[in-house]
Amino acid sequence: MSRQDAPHYTGHRRRLKDRLADAPRALADYEILELVLASVLPRRDTKPLAKALIERFGSLKGAVMARPDQLGDVPGIGPAVRAHWALLQELYARLGESGARRGMALSDPGDVARAAMARMGSKGIEEFWVLFMDTKNRVIEWRQVARGTVNATPVFPREIVAAALRLEAANIILAHNHPGGDPSPSKEDVLLTGMIKEAAAGLDIGVLDHVIVTDTDYYSFNEGGRL
């Protein structure tokens, strides 16, 4: 195909890539998203779709972290884009939770919150995760133990304690998300934390914290003096 026959957006896309290489901070958010979409939709002008996504979700982060059901509401989004979005979100989660890798010492609520926010802060349903740690608070495993609805997660204290025993964990940190945007603990959160702490104490397993996250904020039971 000659330059004259090439789609109108090819020259624009080439210029965007040149700017990305030379001065990436000069690109607008929609232009970054435009290039991301172009990797999935190479034969399509992705500028209108990039702008539509940012308008729909309010920001670049909002667009990239949009859930599959939300993406389905945007015209022009198909299975290929949804699959690519799932990959981007998993990449974001793994980068954010890198501080919770096996063998790393982890006890600061802020570090735990960053890992939890990256993994589930933007999720539309509640998830419950547990950090299992050894006697020196080094991570043995960071594991999802329950997944629920928009405002509840079925969590069974005995299952968490049983997992801690299997992993020979000395301490655990609990974490879950509040999709509604308020990290403040509910009465059910307080009750559940007490039940898990009681079950764990009977087997000499310490509950060091329970961190509740949203996509931008967190609450720590430890920092709040509730453990």
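Counting in our numbering, the sequence shown runs from 1081 upward without gaps. Backbone N, C-alpha and C fix where the C-beta goes; we use that ideal spot for every residue, glycine too.
- M1213 is bridged by DSSP to V1219, N1251.
- Taking the Cα of G1204 as reference, the smallest distance to any Cα among L1129, Q1150, D1214 is reached at Q1150.
- Your pair R1099 and A1108 does not check out as a contact, with CB atoms roughly 10 angstroms apart and the cut at 8 angstroms.
- The closest CA to that of M1184, considering only L1167, V1161, F1212, A1166, is found on F1212.
- Straight-line spacing of the CA atoms in S1264 and E1114 works out to 37 angstroms.
- Residues V1192, L1211, L1288, D1289 of the same chain have their beta carbon placed closer than 6 angstroms to that of I1253, with the five preceding and five following residues left out of the count.
- For F1137 and L1171, the gap between their C-alpha atoms comes out near 20 angstroms.
- Straight across, the Cα-Cα distance linking V1116 with T1126 is about 9 angstroms.
- Of all C-beta pairs linking the stretch 1153 to 1165 to the stretch 1186 to 1202, fewer than three are shorter than 8 angstroms, placing the two stretches out of contact.
- DSSP lists V1293 as the beta-bridge partner residues of Y1298.
- If you draw a 10 Å sphere on the C-beta of P1189, you find 16 or more other C-beta atoms in it, and that means buried.
- Short of 8 angstroms from the beta carbon of I1220, and not among the five residues preceding or following it, lie these beta carbons of its own chain, in chain order: R1182, F1212, M1213, D1214, L1247, E1248, A1249.
- At least 9 angstroms separates the beta-carbon of V1225 from that of L1283.
- Within the same chain, and ignoring the five residues on either side of A1279 in sequence, the residues whose Cβ sits closer than 8 angstroms to its Cβ are P1237, R1238, I1240, V1241.
- The alpha-carbon of H1256 is positioned some 7 angstroms away from that of E1206.
- Here E1111 is buried. Its C-beta has 16 or more other C-beta atoms within 10 Å.
- Here R1105 carries a helix assignment [DSSP, helix/strand/coil].
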